[in-house]
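Here the structure is laid out as structure tokens; the discussion comes afterwards.
Residue numbers (our numbering): 485 to 732.
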């Protein structure tokens, strides 16, 4: 739990230079990562992530690399690849804060050279990256190293946080929006995630933040028995946009 304290409360960015991420020297990396207020680095070309999210992933400053969540993830991936020597790709996924962590993990694994390709699927992830991170993930997609899909619910406010005025952006890549109240278009697909962020902000709704699997299975909730994504809804995600993407 000590790694998660203040994760969501930070108003600072830290820099994510790929050449530093490739090193396992946590002390050297921490020495170069001086937190700066988000508006100062929001438009920077250097990839940045919120300070709180980085500490949740890399552990509190001073922890040994192999003891940190980041170090344990990398060790687990390396063990899996040793057991499957013909594979150099992994699938990374997560929900909410875990979706943001999955995004950071995918970027880190590619920067470190641990894998050659990552398929990333995030659900309801908040915007905790800057322009430089968005552009860096776009370059990875264009290079064929990253396939990603950002899944959100149109009634969920969490994926619209943090504030753009502070310099927060989502990563690059396609977006799938679940809109169970829209009978004509319950699934909407956007090639660029930013185009999906232009709708008015919804009110906070805990159910909307957690119902992705329910809606995608065509199931409704007792509170709203007529609201779901019909199992017969047209699947809008092109086969080439994310490898092995399947609707059901």
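Glycine is no exception: its CB is placed at the ideal position from the N, C-alpha and C atoms. Small disclaimer: the values here were computed from a predicted structure and weren't measured.
By a beta-carbon distance limit of 8 Å, residue 609 does not contact residue 648. Their separation comes to about 15 Å. Counting other Cβ atoms within 10 Å of its Cβ, residue 659 reaches 16 or more and is therefore classed as buried. Secondary structure of residue 554 (DSSP, three-state): helix.
Using a 10 angstroms sphere on the CB of residue 589, the tally of other CB atoms reaches 16 or more, which defines it as buried. In summary, residue 675 is exposed, with fewer than 16 beta-carbon neighbours lying within 10 Å of its beta-carbon over all protein chains present. Around residue 646, the same chain offers 522, 534, 610, 611, 612, 652 as residues with beta carbons nearer than 8 Å, after the five sequence neighbours per side are excluded. Separation of the CB atoms of residue 657 and residue 528 is rounded to 20 Å, and the pair is thereby denied contact status at 8 Å. Between the alpha carbons of residue 618 and residue 531 lies a gap of roughly 8 Å. According to the DSSP secondary-structure assignment, residue 661 is paired through a beta bridge with 636, 672.
Rounded to whole angstroms, residue 667 and residue 713 show a C-alpha spacing of 8 Å. Residue 672 and residue 720 do touch by the CB rule: their CB atoms are close to 7 Å apart, below 8 Å.
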